[in-house]
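*Asks:* I have a structure I would like to understand better, so I am pasting it below and will then ask my questions one at a time.
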Amino acid sequence: MAKNRVAAACMAAICAMAMGVALAGCTPKGVAVGASHDDTQNVAHDSIDRQDVTVGVVGALGNPPVSDATVMNNLDKAGLRAFFASTTDNADATQAAQQAVRDWASQRVSAIVINALDVTDATSQSWVDALGSARDAGVPVALLDPENPPQDTTLYAAVLRMGTDPADSDRNVGLSTYKLDAALSLIINDNPHPVAMRIS
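According to mature numbering (1 follows the signal peptide of the UniProt record, and there is no 0), the stretch in the sequence shown is residues -24 to -1, 1 to 176, in order.
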């Protein structure tokens, strides 16, 4: 009996270490998940099939430049499976949005899109924690028309400008305009893309 317990404990420890190594492999050093901005460092890899793509959309916390319905319609027209988390009917909209990020990170969706994110001094740490859960799970995050993105740029792969003009802080805004699904495909498949992209 004691030998069986020791063997079971050893197996559990080995499984836990293997999971830790596997999850650590999902997190790139010094850059966001899905943020291959430099094609010289891009490693050949297999892309995710379009029919397997799932996108979690976090609804806007305020009055966004682009409505949540527009975002969901664009994803639907592109044939991408998208799930929506509304923040408008919650007592604490920020907490609801952060919980949606954690839930989708644990479900390993292909990408998370957050509409009109506004990180304040009061919510900064809780957003770092929520976005960190997506990073740790290897799930890329795209910010759609953020009011105030997190200072830590390793927490999101790209800023998508759909309803607002590129902000002065947006670097490498491409001259080309991308469809929302094309931009997400670049991010999900970790292909080279600008840090900020215009979306039609």
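Note that CB positions come from ideal geometry on N, CA and C, so glycine has one too.
(1) Closest to Ala87 by CA distance: which of Thr70, Ala110 and Pro168 is it?
(2) Do Leu120 and Leu136 have their C-beta atoms closer together than 8 angstroms?
(3) Thinking C-alpha only, which one of Thr46, Gln83, Ala159 and Val115 is nearest Arg174?
(4) Which ranges does the alpha helix (DSSP H) cover as unbroken runs of at least 4 residues, wholly within the segment 79 to 149, from first to last along the chain?
(5) To the nearest whole angstrom, what separates the beta carbons of Val33 and Phe60, a pair I think is in contact under 8 angstroms?
(6) Using 10 angstroms around the beta-carbon of Pro168, count the other beta-carbons present and answer buried if the total reaches 16, otherwise exposed.
(7) Less than 8 angstroms between C-beta atoms, sequence neighbours within five positions excluded: which residues of the same chain meet that for Leu(-2)?
(8) Cα-Cα, which of Arg57, Ala81, Val31 and Ala67 is closest to Leu131?
(9) Roughly how many whole angstroms lie between the Cα atoms of Val171 and Ser43?
(10) In the DSSP output, what is Thr153 paired with across the bridge?
*Replies:* In terms of the structure at hand:
(1) Ala110
(2) Yes.
(3) Ala159
(4) 100 to 113
(5) With 8 angstroms as the limit, Val33 and Phe60 qualify as a contact, their Cβ atoms being about 5 angstroms apart.
(6) exposed
(7) Confidence at Leu(-2) is low in this model, with a pLDDT of 41, below 50, so its placement is unreliable and the value that follows should be read with caution. Cβ neighbours of Leu(-2) beyond the five flanking positions: Asp112, Ala113 and Gly114.
(8) Ala81
(9) 22 angstroms
(10) Arg174
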